[in-house]
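What follows is a single structure, written as structure tokens, with notes after it.
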Amino acid sequence: MDWGTELWDQFDTIEHHTQWGLDLMDRYVKFVKERTEIEQTYAKQLRNLVKKHLPKKTSREDPDTKFCQYHAFLQVVKELNDFAGQREVIAEDLLAQICVELSKDLQELKQERKLYLQEGRRAQQQLENS
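The sequence shown lines up with residues 1 to 130 when you count with full-length UniProt numbering.
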């Protein structure tokens with residue numbers, strides 16, 4: 001009869017759980033990097049759209065520039081340009097504040113986990129040898 005086996009060390013369970021956490025963190029970093037690339041591409045495409053539809057030079061004599069519809073269109077295009085700038089800022093912040101920091105933390109946690117697992121294995125060996 002195995003009495004109290006649930007009270008024994010759960011070294012393998014802890015090892016599996018910590019590896020799962022590191023894998024999840026790694027997946028999240030990759031997700032944020034991909035999202036950053038999408039945000040950058042989206043901002044670039046918006047800027048190209050704005051550039052294509054923004055008039056080169058408006059002359060005061062052009063009769064189309066006097067209509068409020070034209071001014072509304074220009075305002076929409078300018079707002080879209082601002083929106084593209086916001087997307088660029090989001091992409092930069094995601095990369096700088098999340099990807100870089102999480103990557104550093106992930107490497108530190110991997111090293112720390114490796115040391116603790118080595119220490120745990122040594123302790124298990126000592127218990128088995130005594």
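In this text, a Cβ means the ideal position worked out from N, Cα and C, and glycines have one as well.
- Task: Taking only the alpha-carbon atoms, compute the straight-line gap between Arg-87 and Tyr-42 and give it to the nearest angstrom.
- Result: 8 Å
- Would you mind listing the alpha helix (DSSP H) stretches within the UniProt domain "F-BAR" (1–130) that are 4+ residues and don't spill past its ends, in chain order? 11–53, 68–93, 100–129
- Message: Here's the rule I'm using: 16 or more other beta-carbon atoms within 10 Å means buried, otherwise exposed. How should Glu-34 be labelled?
- Response: By the 10 Å Cβ count, Glu-34 comes out exposed.
- Message: Rounded to the nearest angstrom, what separates Thr-44 and Thr-36 at their Cα positions?
- Response: The residue you asked about is not Thr; residue 44 is Lys in the sequence shown. Cα-Cα distance, rounded: 12 Å.
- Task: Please determine if the segment 67–84 and the segment 15–29 are in contact, where contact requires at least 3 C-beta pairs separated by less than 8 Å.
- Result: Taking one beta carbon from each stretch, the segment 67–84 and the segment 15–29 have fewer than 3 pairs nearer than 8 Å; the two do not touch.
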